[in-house]
Every structure is written in structure tokens, then in C-alpha cells.
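Participant:
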């Protein structure tokens, strides 16, 4: 998980997962974990929160956005705070989903910058989780009243619309999708890498849309449901991260072809059959990548490797340690135990000590 120093190192050497590090492409915009700005703006502090309210222009400038993105950020005071929230949420979820993997979503500057220059499946996940994070955060910001240009979702297909002002307020996915698509730019035509990045951005947005649920609340005498207020609500972002991790596991390697009908470039299975890779034509909901990933076992430009990484003996030490074996250390820890709820409003715990073994990968 991100500790304070790692999180503060997050928006890295060159901007947001959306503003691809050191190598911005003219046909697409980037944001979040794929951005050019140093991830040194996290975590949110009281100083940053105050700046977001009183001087959001400065926050937008600090994010080192592209010209169009900076203009969109400045036009609504709530956008800057929402962008920050999206970045933080995406980073934390990425590191949670990959906590047991060799690549554990290392976001320190030089590793992230190098990774984003290549079309690995890990890069595909970063694009998807970034666009999903922005879509989710923006829809929630609208319904929470933090934005000037949007409010609750309008849902003409739901019952009892007259009860909306009194009752539920849906997450505004319609506005959020429109904003994110404009923020990340139009579909590129020629460059394969730009098309792949654009495709993976859309996958993240589609997972958000697929997770929308209708929530209803009944009103009536003695619990009857004579009046029902309904609104649309997004799935928790942790569930979104889980689904994107599953898509990462089944991601497809692609190449480039030309659509004969439109003359535009398309992504497709590689022209040459590759052992161990599927020739399946990617769907619009599949994550796709261009380059085979490194092992991430040893320190490289893409990751610090797994030397010294904590592992779990019966769960992932063999995999994470890449066959090098692991060290075992014994330590005494103190934890709360035998906790009881006391009337009225607090929990009382004892402090128990126990010995535990810690396993770390050998060099």
C-alpha cells in the first residue's frame, strides 16, 4: 500500500496517468497514473484542500495538464479537487490489487516513466484504472454538490420523479462520461500505441457504466411502500478495481491493421501467431497491450525488483521471489485484542503480544 513518502512521489518526472510521462503523444491526452506531472502532490493536505477552494487555478497549474485539460480544470472550482481525488483513489486501488504480484504498482517517478513508454499489460491497467477513477470521482462530485456545472443524475426512466427533490440523488454518470471523454481527447487514427491507450481508457469507463445500480427507498405508513424514491448509484471503486484486475489477467496482445471500410487504423491480434498468446479478436471490453512484460524479478528501469519484498510463505513467496528463496525473521508484535464495546460509545481492548514470522525475498 502507499505510505506517505511513496504517495508523495506519485505524479512523477514528466504528468497524470492521463498525461503520459516524458512522451506525450499529439493524438491523445492523458491523465492520472499515466500523466507527466510528478506525483508529489499527494496525499491531500489541509493546505491543498484550502488551495482547491480558494485558488483552484494554482492547483490546475500544479498538475501540469495539457492546454485543453488545464482550461477544463480552471472553468469549475470543483474540478481540481476531483482530479486530485481521482489520482489518489486510482493509485491506492492499483497498489491494493497488485499487492501480491511481482509488479506491485510501483509508482515512483523513474519506474513509472519508463513503464509508460512501453505498451505492457501493466500499462494497460494503469490507463484503465486512471480513466475509471476520474469517471467515478466526477460522477460522485456532481451528486455531492461539489461541482458548479453538474448536479444529481436525471433519471427519466425511474419511478416517482416528483420525489427526487425530497429523496435520492443519483451519481451523474452522463455528465461524468462527457467530461472524461473531452478531457482525455478524441480517438487517434494512426499511431498504434495511442489507439491502444485510448481503447484501455474506454475500458475503464465501461466498467464504471456496467456497475451502475438502481437504489430505492420506500416511504409509507408502517413500512409500506406506497411511495418509492429511486436513484442510480455507482459501484464502490474497490469493486471496479477488482474487475479491472480480472481484465488485466485476461488481457490480449494486439497489433495494427487498417479498417477497409473506413481507412482508419484498428487494433487486432498480432499478424504472426505467437505461442502462448490468443488469436482472439479483442472486444471493446478487453484490456489490450503491445509489448510482453518483463519478469519484474530483478531491479530494472521498470521496477525495483522483488529483493527484500515481504511475502506470505504459503501464498506467494515462490512466485514473488522468482525461485531465489526467502529469508525468515521472527519478531514480537503488540496488537489490540479481546475488544469489547462499552456503553455507550467506545471500544475497550487489551494489548496482547505474540511472536510472528516475517518472510522476505532473498537477493
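In mature numbering (1 follows the signal peptide of the UniProt record, and there is no 0), the protein residues as written are -29 to -1, 1 to 334. Yeah, the Cβ is synthetic: ideal placement off N, Cα and C, and Gly gets one too.
1) Beta carbon of residue 358, beta carbon of residue 143: below 8 Å?
2) From residue 265 to residue 92, what does the alpha carbon distance come to, in whole angstroms?
3) Specify, as a first and last residue, the run of the beta strand (DSSP E) that residue 106 falls within.
4) For residue 345, count neighbouring C-beta atoms within 10 Å of its own C-beta (all shown protein chains included) and say buried if the count is 16 or more, exposed if not.
5) So, does the region 279 to 294 touch the region 76 to 90, judging by three or more C-beta pairs under 8 Å?
6) Can the beta-carbon of residue 332 be found closer than 8 Å to that of residue 291?
7) In whole angstroms, what is the alpha-carbon distance linking residue 287 and residue 71?
8) Please confirm if the region 146 to 154 is in contact with the region 39 to 57, defined as three or more CB-CB distances below 8 Å between the two stretches.
9) Would you call residue 222 buried or exposed, if buried means 16 or more other Cβ atoms sit within 10 Å of its Cβ?
10) In or out: residue 257 buried (at least 16 other Cβ within 10 Å) or exposed?
11) Only counting the same chain, and skipping five residues up and downstream in sequence, which positions put a Cβ closer than 6 Å to that of residue 269?
12) Between which two residues does the beta strand (DSSP E) carrying residue 117 extend?
13) Assign residue 67 to one of three DSSP states: helix, strand, or coil.
14) When the distance is taken between beta carbons, is residue 155 closer than 8 Å to residue 172?
15) What is the residue span of the beta strand (DSSP E) that residue 335 lies within?
16) Which residues in the same chain have their Cβ closer than 6 Å to the Cβ of residue 369, if we skip the five residues on either side of it in sequence?
17) Reducing DSSP to helix, strand and coil, say where residue 141 ends up.
18) Measuring straight from C-alpha to C-alpha, what distance separates residue 196 and residue 318?
19) For residue 307, write down the residues that DSSP places opposite it in a beta bridge.
20) Given residue 158, which residues of its chain have a CB within under 6 Å of its CB, disregarding the five upstream and five downstream residues?
21) By DSSP's criteria, residue 330 is part of a beta bridge. Which residues make up the other side?
22) Let me confirm a value: residue 30 is counted as buried when at least 16 other C-beta atoms fall within 10 Å, else exposed. Which label applies?
23) Can you give the Cα-Cα distance for residue 66 and residue 76, rounded to whole angstroms?
24) Taking 8 Å as the threshold (C-beta atoms), are residue 98 and residue 5 in contact?
25) Could you say which of 188, 301, 125, 94 lies nearest to residue 200 if we only look at CA atoms?
26) Consult DSSP for residue 219 and reduce its assignment to one of helix, strand or coil.
27) Please identify the residue among 183, 215, 259, 52 whose C-alpha is closest to the C-alpha of residue 203.
28) What would DSSP say about residue 151, mapped onto helix, strand or coil?
29) DSSP three-state call for residue 214: helix, strand or coil?
30) Identify the continuous beta strand (DSSP E) that holds residue 177 and give its terminal residues.
31) Note down the Cα distance separating residue 205 from residue 117, rounded to an integer number of angstroms.
32) Are residue 108 and residue 176 close, meaning C-beta to C-beta below 8 Å?
33) So for residue 196, helix, strand or coil by DSSP?
34) According to the neighbour-count rule (16 or more other Cβ atoms, all chains shown, within 10 Å of its Cβ), is residue 110 buried or exposed?
35) Please tell me whether residue 211 and residue 103 are closer than 8 Å, where the distance is taken between their beta carbons.
36) Starting from the Cα of residue 307, find the closest Cα among 320, 255, 141 and give me that residue.
Facilitator: By the coordinates alone:
1) Nothing in the structure corresponds to residue 358, since the chain is present only between -29 and 334.
2) 10 Å
3) No beta strand (DSSP E) holds residue 106; the alpha helix (DSSP H) holding it covers 92 to 114.
4) Here the chain comprises residues numbered -29 to 334, so residue 345 is not present and cannot be evaluated.
5) no
6) yes
7) 7 Å
8) yes
9) buried
10) buried
11) 276
12) Run containing residue 117: none; DSSP gives neither H nor E here.
13) helix
14) yes
15) Limits of the chain in this structure are -29 at one end and 334 at the other, which puts residue 335 out of reach.
16) Residue 369 lies beyond the stretch modelled for the chain, which goes from -29 to 334, so this question has no answer here.
17) strand
18) 37 Å
19) 322
20) 169
21) 282, 299
22) buried
23) 5 Å
24) yes
25) 188
26) helix
27) 183
28) helix
29) helix
30) Not the beta strand (DSSP E): residue 177 falls in the alpha helix (DSSP H), residues 163 to 181.
31) 17 Å
32) no
33) coil
34) buried
35) yes
36) 320
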